[in-house]
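What follows is one structure encoded as structure tokens, with my remarks underneath.
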Amino acid sequence: MYYKLNLELTGFRQNLVPIEKLLYLWELNYLYERTK
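Residue numbers (the numbering used here): 4 to 39.
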């Protein structure tokens with residue numbers, strides 16, 4: 004039970020990573036546009 008839950012949580016985290024990267028890139032772009 005715990006092992007299966009742990010696997011699901013790991014998969015869930017891996018799904019979140021691309022979203023975090025996108026937000027990070029979007030923030031960099033936003034800051035770059037503001038400093039121009």
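Even glycine gets a Cβ: it sits at the ideal position worked out from N, Cα and C.
Non-local beta-carbon contacts of Leu31 in its own chain, meaning distances under 7 Å to residues more than five positions away in sequence, are absent. Taking the Cα positions, Leu28 is about 12 Å away from Glu36. The C-alpha of Glu11 lies about 41 Å from the C-alpha of Thr38.
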